[in-house]
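Below is one structure; the comments refer to it alone.
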Amino acid sequence: MDSSSSDTAATAALPPGGASTPPTSPQPQQPAVVLSPCAACKILRRRCVDRCVLAPYFPPTEPHKFATAHRVFGASNIIKLLQELPEEHRADAVSSMVYEASARIRDPVYGCAGAICQLQKQVNDLKAQLARAHAELAGARAQHAHLLALLCVEVAAASSPAYCAVDYPSAQLAAAAPAAQADALYVIDGGSGSGLQLQSSPVSWADEPLWT
Numbered sequence: 001m002d003s004s005s006s007d008t009a010a011t012a013a014l015p016p017g018g019a020s021t022p023p024t025s026p027q028p029q030q031p032a033v034v035l036s037p038c039a040a041c042k043i044l045r046r047r048c049v050d051r052c053v054l055a056p057y058f059p060p061t062e063p064h065k066f067a068t069a070h071r072v073f074g075a076s077n078i079i080k081l082l083q084e085l086p087e088e089h090r091a092d093a094v095s096s097m098v099y100e101a102s103a104r105i106r107d108p109v110y111g112c113a114g115a116i117c118q119l120q121k122q123v124n125d126l127k128a129q130l131a132r133a134h135a136e137l138a139g140a141r142a143q144h145a146h147l148l149a150l151l152c153v154e155v156a157a158a159s160s161p162a163y164c165a166v167d168y169p170s171a172q173l174a175a176a177a178p179a180a181q182a183d184a185l186y187v188i189d190g191g192s193g194s195g196l197q198l199q200s201s202p203v204s205w206a207d208e209p210l211w212t
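What the sequence shown shows, in the UniProt record's numbering, is residues 1 to 212, in sequence order.
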């Protein structure tokens, strides 16, 4: 009787979905497994092992990289060089080998040195063009300064005191002075046949008549 009641209580305590299950933790995502071999092992026709030294740097999507480097350096030299270098420098070494191999294929005589000489020549030509541009700019600035100085001289000559309007009334007064002096003279009789004489007088012709 007691055992049946305890079983009934335990069954009532369970959730309606059935027996309780512990919560599941999220599983870590597994890295994708590359089924195809790397480009180096595919070109060499060998089995690509798990720790292939060439696989991280020659993926199967870029077979031309290993084909170019293999044509100039050879697979054994590439593997030997990568094994001697630390892992943080291997990617740069692979890039350098691919670049040098491409330059050697384009120019079998000079290779990478020919490309460096060509780039150096371009740099020298650009430096010469820059120097000529600076010289032309300096000449243009000097010409502009010279023209500006000439313009300033012409403006200063045009605004000189000889053409000033302040001196114009004094010139009019100087021209009218002889006429005023002529009005102050009158004619007198010399008496003993000496003829007529002009004598200055403060009275003008309009104030005093000649003959009374």
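Note that beta-carbon positions come from the ideal geometry of N, C-alpha and C, so glycine has one too. The structure displayed is predicted, hence computed values, not measured ones.
Endpoints, alpha helix (DSSP H) assigned at residue i
{"i": "residue 62", "result": "Residue 62 -> no alpha helix (DSSP H), and no H or E assigned at all."}
{"i": "residue 92", "result": "87-106"}
{"i": "residue 75", "result": "75-84"}
Backbone secondary structure at residue i - three-state DSSP
{"i": "residue 111", "result": "coil"}
{"i": "residue 141", "result": "helix"}
{"i": "residue 158", "result": "helix"}
{"i": "residue 119", "result": "helix"}
{"i": "residue 53", "result": "coil"}
{"i": "residue 48", "result": "coil"}
{"i": "residue 152", "result": "helix"}
{"i": "residue 38", "result": "coil"}
{"i": "residue 132", "result": "helix"}
Integer Cβ distance of residue i from residue j, believed to fall under 8 Å
{"i": "residue 82", "j": "residue 53", "result": "5 Å"}
{"i": "residue 102", "j": "residue 68", "result": "6 Å"}
{"i": "residue 113", "j": "residue 57", "result": "Residue 113 to residue 57, Cβ: 25 Å. No contact."}
{"i": "residue 128", "j": "residue 75", "result": "Residue 128 to residue 75, Cβ: 45 Å. No contact."}
{"i": "residue 51", "j": "residue 72", "result": "About 26 Å; that fails the 8 Å criterion."}
Spatial neighbours of residue i in its chain, beta-carbon cut-off 6 Å, leaving aside the 5 residues before and after
{"i": "residue 139", "result": "none"}
{"i": "residue 115", "result": "103"}
{"i": "residue 37", "result": "48"}
Cβ shell of residue i (< 8 Å), same chain only, five flanking positions each side left out
{"i": "residue 43", "result": "63, 66, 67, 70"}
{"i": "residue 79", "result": "53, 54"}
Residue-chain proximity (residue i, chain D), Cβ-Cβ < 8 Å
{"i": "residue 130", "result": "This model lacks chain D altogether; it includes just one protein chain."}
Cβ neighbours of residue i in the same chain (closer than 7 Å, five flanking residues each side left out)
{"i": "residue 133", "result": "none"}
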